[in-house]
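Asker: Following this message is one structure expressed as structure tokens.
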Amino acid sequence: MTKTVNNRAWFFVLPVFAIVAFSAILPLMTVVNYSVQDTFGNNQFFWNGIGWFQDLLDPSSQLGERFFDSLWRTLLFSAIILMIEVPLGIAVALAMPREGWTVALCLVLMALPLLIPWNVVGTIWQVFARGDIGLLGWVVNRLGIDYNYTGDPLDAWITIIVMDVWHWTSLVALLCYAGLKSIPDAYYQAARIDGASRWAVFRTIQLPKMRRVLLIAVLLRFMDSFMIYTEPFVLTGGGPGNATTFLSIDLVKLALGQFDLGKAAAMSLVYNLIILAICWVFYTIMTNVDAQRGRVEA
Amino acid sequence: MARITLDHLAHAYRPDPRSAEDYALKEINHVWSQGGAYALLGPSGCGKTTLLNIISGLVHPTRGRVLFDDVDVTDLSTEARNIAQVFQFPVVYDTMTVRENLAFPLKNRNVPRDRTARRVEEIAGLLDLTRVLDRKASNLTADMKQKISLGRGLVRPDVAAILFDEPLTVIDPHLKWQLRSTLKEIHRALDITMIYVTHDQTEALTFADKVVVMHDGAVVQTGTPEELFERPAHTFVGHFIGSPGMNILPCRVEGATAFIDSSAISLQRAYRTLSGGERIELGIRPEFVRLQPKGEGLPVQVRRIDDIGRARIARVEMGGRPLAASVPDGISIEGNEASLVLDPNHVHIYANGHLVAGEAAGGQAA
Amino acid sequence: MTLVLDGISKKVGASVHVDDVHLTLERGSLNVLLGATLSGKTSLMRLMAGLDAPTSGRVLVDGQDVTGWPVQRRSVAMVYQQFINYPSLTVYENIASPLRVSGVARSEIDERVRDAARLLKLEPYLDRKPLNLSGGQQQRTAIARALVKRADLVLLDEPLANLDYKLREELREELPRVFAASGAIFVYATTEPSEALLLGGNTATLFQGRVTQFGPTPQTYRQPHDLVTARVFSDPPLNTLKVRKSDGAATLSTGGQVPASGPLAGVPDGEYTVGFRAHHLNLEPTGTHEITIPATVSVAEITGSESYVHLDAGDHRFVALVPGVRRLEPRSPVTAYLDPRRLFLFDEDGRLASADPSQKAA
């Protein structure tokens, strides 16, 4: 019935399949292959079955301990990032002007951090936060606070978090701003007539209307922060010690530092599955919200 | 409850208005009596929404004052004015139930909980919302949502006036009838001043006791629906009210006779006061122009006959000018030649667009 | 061309948007789709245009099966409720845009644009940008752009809904003339029965995705085949009451009994729904043998020349449209008169059981 349309459509999709197969499926199968073997270089492989996976998920083993340490570190980092960036992004969006020439100015200023390559962000902060030549580090030290992100784990964490907030809050803010802009004026006028306080307007109008974009913002920020690599790698290299060794950094250390390709492959597969599972949870929540909306309109 | 007085009110959206054209709303003086049902009728851009927003306090007027019961409220904020407004698109708080929506204005004003609950039940009963009180407001149809918007205004016992800004725009025709009669019943039951802004003459005329017709930022006529229909004070009102609108034809008047081209039409009144320089027009509503088979009356060419279900309307041309006329039941027209018969009681004469009173044909002032 | 919809349906998930529609639209015809919001008008138009593919059924153009053909391969133009124009282009360029895309020669473009502009009275505005025009002129521009393509099928989805009442009236008067000059198939969706009547042509009444009746507009209005069609095609809403006929008499659900005259005379005993329009309910007797209904006034709405009187009779709410200004006090008792020849009689399944043939003149 619809064959005239669809045959040609499939034809156009074929190259995409080929590219995806080459770029994603083949490497993935290689990783799966590595994850069930042990290798000592020289292209020698020994079958290990699910051994690496067992080690990985057993916190009492050396590999498992290391994996769970990194996992908790990464989860903690994501949680902190979300708790800061989401409320801050909403606040920034609410504070932004709604009309006039300042709108364009704000949008451009806020987009700037988003346009800087990740490794450059890391480098900027690496210099910026140094105690000897960095403006931030120097000022903080001059204020009498002992601050050294290369030596103190807490300082390292704070620096990475501040860097991420600086880099990504504007994304949340821009998304929220788009959500706010879609609210018709009549809602604000009605709320004024109903005598609603500023807080009530936020609770009853702005927040519900922003719910969808907020979910997208949370999803994006979670995935991004959960997979963060470049900036902390450039800034701290995972140190001091293992204090900022997130899963992605640990994975690279394992694979390229120690050439434990089998362990690294197993770890990357588990890492991948965790991300997929969390995305699925988010996706389910979001489609539920949509379904609720669908019922409204029907 | 309040009488609303507009005192030398004018508004310009430009900061330094100079000429009359700069004003979106030209000077207006008007009193809305307590408990009246009013409509503000006019095309888009005539200033009606500006006027409504000045009354509600969303817009601060450039000049003049707004008084509620002789208290100057010009500088008061919207929330301090005790007015309620229903907008074109329904505004409900999506996350709340209908009950919470209705209670919202009272909650914001710290009214005790039991009094709020009683009042909400009362208003819900009035608006026929009792069945849905505990449902989420976002899941309801547009007409229900408009009732909730209205209800949020009505729950406040101190509300001075309710303003409606084209509230039936997104409502299906069938439901418009119900909602309109609900509005009328509410008005009667609660004795609240209501001001209804619309471009739809049917809505304005059926809702209001008094209709204010606006054009180009100025009021052109205020009157009851009958007055606007029977004696439009301006050709704009004649054209805008009625569907189709009034037939307006350039003419020449001599005493009690009007001449359209060479056809003479005898009038009920004499117009001796007309000087030479004005633009003189004759106005008559299609309802008072009868189409007949060719014979007595003004000769016309029939262009089309529209069947609108309960009546037929003829589109004719007289000397190249289009006219609308009613076709009485049982009349059929052969070919496109026909005649028009005008009811002399409903012929009006306009000079430069304004109605001329004329004198009784005997010579006494009317 | 002839467009045939052969039993098309459109389902999205569990909900049926279009339900087994059969329609044949002829070249040069104007076809009104009349129905409430969400009755399936837009869904049906999207199927006609090829923007959506039907779940089942076929779409035929001149006998050729075009089901599933994309919109680009069909000769279709569309006008929407919102005024959709290119804001950065002049009115002239807006109208010319579909021709520029399809590579029509420059001289022909100019000729066709000017023709369309003349037809829609846009000649003085050709050099202006759409946003500097009134809503009516913006929509005229959109209609001109749809016409200039000389598409075989022109779909208009509530094109006048966003316009002021008077502008709507003006444009509605001109549209049949504009359509007649074109020769394409026009499909015009509206929620307003009065608009369908003014446009004329054919009308298809839609209810819950089904086309309940299709035929010449006055005929669909005067001779509805079922209760649903009569309801869809009545504004003010159709008045209804129930009757039980037995032994030559009819018992009304508003109370009272009347002799079974008019359409009631020719049907077997049983339960029926009686439907009648607002202008057939009078407050004075207009003849003999009329059905009388005692009622109380709920609200009287005055339009200046006529009055809509809302009446309560038993559990029923009726609307009567009566000539002149009737200032009736709420809750005052009145008697409503109904000429039995004016009523439609529907059986228990909602199908027309009987209507007086003289209805045609009403």
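Chains as they are written, first to last, in this note's numbering: chain A, 43 to 340; chain B, 1051 to 1416; chain C, 5 to 366. C-beta atoms are modelled at their ideal positions from N, C-alpha and C, and glycine is treated no differently.
Who are M1368/B's beta bridge partners in DSSP?
Answerer: Its beta-bridge partners are R1371/B.
Asker: Can you grab the Cα-Cα spacing for the pair Y325/A / L262/A, in whole Å?
Answerer: Rounded to the nearest angstrom, the two C-alpha atoms are 12 Å apart.
Asker: Where does G131/A sit, in a helix, a strand or coil, going by DSSP?
Answerer: Here G131/A sits in helix by DSSP.
Asker: Can you have a look at P289/C and say buried or exposed, based on whether 16 or more other CB atoms are within 10 angstroms of its CB?
Answerer: P289/C should be labelled exposed.
Asker: Is M82/C helix, strand or coil by DSSP?
Answerer: Residue state, collapsed to three classes: strand.
Asker: So which residues of chain B does Q231/A contact, with C-beta pairs closer than 9 Å?
Answerer: Within chain B, the residues near Q231/A are N1103, S1106, L1108, T1128, Q1135, F1137 and V1141.
Asker: Got a sec, what are the start and stop residues for the alpha helix (DSSP H) S101/C sits in?
Answerer: Per DSSP, S101/C belongs to the alpha helix (DSSP H) from V95 to V105.
Asker: Measure the Cβ-Cβ separation of D1215/B and F1137/B and say whether it is below 7 Å.
Answerer: The answer is yes: Cβ separation under 7 Å.
Asker: Roughly how many angstroms separate the alpha carbons of V1377/B and D1193/B, rounded to a whole number?
Answerer: Going from the Cα of V1377/B to the Cα of D1193/B covers about 37 Å.
Asker: State the Cα-Cα distance for the pair D1057/B and Y229/A, rounded to the nearest angstrom.
Answerer: Distance between the alpha carbons of D1057/B and Y229/A: 29 Å.
Asker: Pick helix, strand or coil for L268/C, following the three-state DSSP scheme.
Answerer: It is helical.
Asker: Given that G237/A touches chain B, what residues does it touch there, using C-beta distances under 8 Å?
Answerer: Near G237/A (Cβ distances below 8 Å), the residues of chain B are E1129, P1155, N1158 and R1159.
Asker: What would DSSP say about L311/A, mapped onto helix, strand or coil?
Answerer: If DSSP states are grouped into helix, strand and coil, L311/A belongs with the helices.
Asker: Threshold first: 3 residues or longer. Then list the beta strand (DSSP E) segments lying entirely within the segment 214-238 of chain C, N to C.
Answerer: Here the runs fully enclosed are 214-220.
Asker: Where are the beta strand (DSSP E) runs, 3 residues long or more, that stay fully inside the segment 6-39 of chain C, in chain order?
Answerer: Fully enclosed beta strand (DSSP E) runs of 3 or longer: 7-16, 19-29 and 34-38.
Asker: Under the three-state reduction of DSSP, which class applies to T44/A: helix, strand or coil?
Answerer: For T44/A, the predicted structure reports a pLDDT of 42, less than 50, and the residue's modelled location is therefore unreliable. A value from the coordinates is still provided. Here T44/A sits in coil by DSSP.
Asker: Who are the near neighbours of P1111/B in its chain, counting only those whose CB is closer than 6 Å to its CB and skipping five residues on each side?
Answerer: Correct list, in chain order: L1059, H1061 and I1104.
Asker: Whole-angstrom Cβ separation of L213/A and L249/A, contact assumed at under 8 Å?
Answerer: About 19 Å separates the two Cβ atoms, so there is no contact after all.
Asker: Could you tell me which of V75/C, E127/C and L38/C sits nearest to V95/C, measuring between CA atoms?
Answerer: Closest option to V95/C, Cα to Cα, is E127/C.
Asker: Select from L347/C, V313/C and A357/C the residue whose C-alpha is nearest the C-alpha of G270/C.
Answerer: Ranking the options by Cα distance to G270/C, first place goes to A357/C.
Asker: If you draw a straight line from the alpha carbon of Q363/C to that of P344/C, how long is it in whole angstroms?
Answerer: Because Q363/C carries a pLDDT of 49, less than 50, the predicted location of this residue cannot be relied on, and the following value inherits that uncertainty. Straight-line Cα distance between these residues: approximately 10 Å.
Asker: Can you tell me where the alpha helix (DSSP H) with A200/C in it begins and where it stops?
Answerer: Looking at the DSSP string, the run of the alpha helix (DSSP H) that includes A200/C is P197 to L203.
Asker: Do G260/C and the ligand ADP come close, with the Cβ less than 6 Å from some heavy atom?
Answerer: Here there are no bound small molecules, and the ligand ADP is not part of this structure.
Asker: Hey, quick one: how far does the alpha helix (DSSP H) through E173/C stretch, first residue to last?
Answerer: Per DSSP, E173/C belongs to the alpha helix (DSSP H) from Y169 to A184.
Asker: Let me make sure I understand the geometry here. Which of N1297/B, G1408/B and S1106/B has the alpha-carbon closest to that of P1372/B?
Answerer: Nearest C-alpha to P1372/B: N1297/B.
Asker: Under 7 Å Cβ to Cβ from Q168/A, same chain only, skipping five residues before and after it: list those, please.
Answerer: Around Q168/A: V276 and L277.
Asker: Jot down the residue ranges of each uninterrupted beta strand (DSSP E) in the segment 1080-1118 of chain B, minimum 3 residues, whole runs only, in chain order.
Answerer: As far as the segment 1080-1118 of chain B is concerned, its whole beta strand (DSSP E) runs of at least 3 residues are 1087-1091 and 1113-1118.
Asker: Would P1275/B pass as an interface residue toward chain C - the criterion being a Cβ-Cβ separation below 7 Å?
Answerer: Yes - at least one Cβ of chain C is within 7 Å of the one on P1275/B.
Asker: Taking only beta-carbon positions, decide if A121/A is within less than 7 Å of chain B.
Answerer: A121/A does not count as touching chain B.
Asker: Shorter than 7 Å from the beta carbon of R1064/B to some beta carbon of chain A?
Answerer: Output row for R1064/B: interface = no.
Asker: Is there a Cβ of chain C sitting closer than 7 Å to that of W1227/B, yes or no?
Answerer: So, interface residue.
Asker: Do D1241/B and G1085/B have their C-beta atoms closer together than 7 Å?
Answerer: Yes; because the gap between Cβ atoms is below 7 Å, this pair is in contact.
Asker: Can you tell me where the alpha helix (DSSP H) holding L144/A begins and where it ends?
Answerer: Inspection of the sequence shows that residue 144/A is occupied by Thr rather than by Leu. Where T144/A is concerned, the enclosing alpha helix (DSSP H) stretches over W143 to L157.
Asker: Kindly say whether T1145/B, judged by its beta-carbon, lies nearer than 7 Å to any beta-carbon of chain A.
Answerer: Taking Cβ atoms only, chain A reaches closer than 7 Å to T1145/B, which makes this a yes.
Asker: Name the chain B residues that come within less than 8 Å of I5/A, Cβ to Cβ?
Answerer: In the structure as shown, chain A begins at 43 and stops at 340. Residue 5/A is therefore absent and cannot be evaluated.
Asker: Grab me the residues of I126/A's own chain with a C-beta within less than 6 Å of its C-beta, minus the 5 sequence neighbours each way, in chain order.
Answerer: For I126/A, where only same-chain residues beyond five positions count, the Cβ hits under 6 Å are V207.
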